[in-house]
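Participant: Residue numbers (this note's numbering): 54 to 183. Glycine included, C-beta positions come from ideal geometry on N, C-alpha and C.
This is the structure in structure tokens:
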């Protein structure tokens with residue numbers, strides 16, 4: 054049986070979950086004319102926030118929440134493995150961007166009488182090559 058003291062205000066839930074009130078309003082499920090939140094709502098919001106920090110989209114998080122019954126660890130692991138592959142691909146892409154920018158910056162020294170900046174020229178060349 055729930056007592057009124059078991060329920061939290063939207064502000065208390067937001068503080069406890071580390072989210073803003075608008076985030077809660079976005080996902081809330083009203084019960085009658087008053088919105089009531091319990092500790093399970095805080096835990097759910099904390100889970101969502103934690104998953105977002107790892108790069109999961111809201112759709113992916115919804116899928117993870119559906120698997121949160123202790124019986125679907127294999128499926129949850131598959132989602133995690135896919136996200137890990139995505140992250141590794143992004144990291145590899147960022148390394149390529151870093152190397153290209155480092156080369157351009159290194160080459161962008163004094164133009165030795167040229168009126169064109171080597172970095173700007175390299176970017177123009179990339180547009181022409183694309």
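Would you say residue 114 and residue 104 are within 8 angstroms of each other, going by their C-beta atoms?
Facilitator: yes
Participant: Should residue 102 and residue 65 be called a contact, given that it needs their Cβ atoms to be closer than 8 angstroms?
Facilitator: no
Participant: On the CB-based measure, 16 or more other CB atoms within 10 Å of its CB, does residue 177 come out buried or exposed?
Facilitator: Exposed is the call here.
Participant: Is it right to say residue 150 is buried, meaning 16 or more other beta carbons lie within 10 angstroms of its own, or is it exposed?
Facilitator: Residue 150 should be labelled exposed.
Participant: Does the Cβ-Cβ distance between residue 132 and residue 117 come in under 8 angstroms?
Facilitator: Between residue 132 and residue 117, the C-beta gap is smaller than 8 angstroms, which places the two residues in contact.
Participant: Skipping 5 residues on each side, what residues in its chain have a beta carbon closer than 6 angstroms to that of residue 74?
Facilitator: 63, 67
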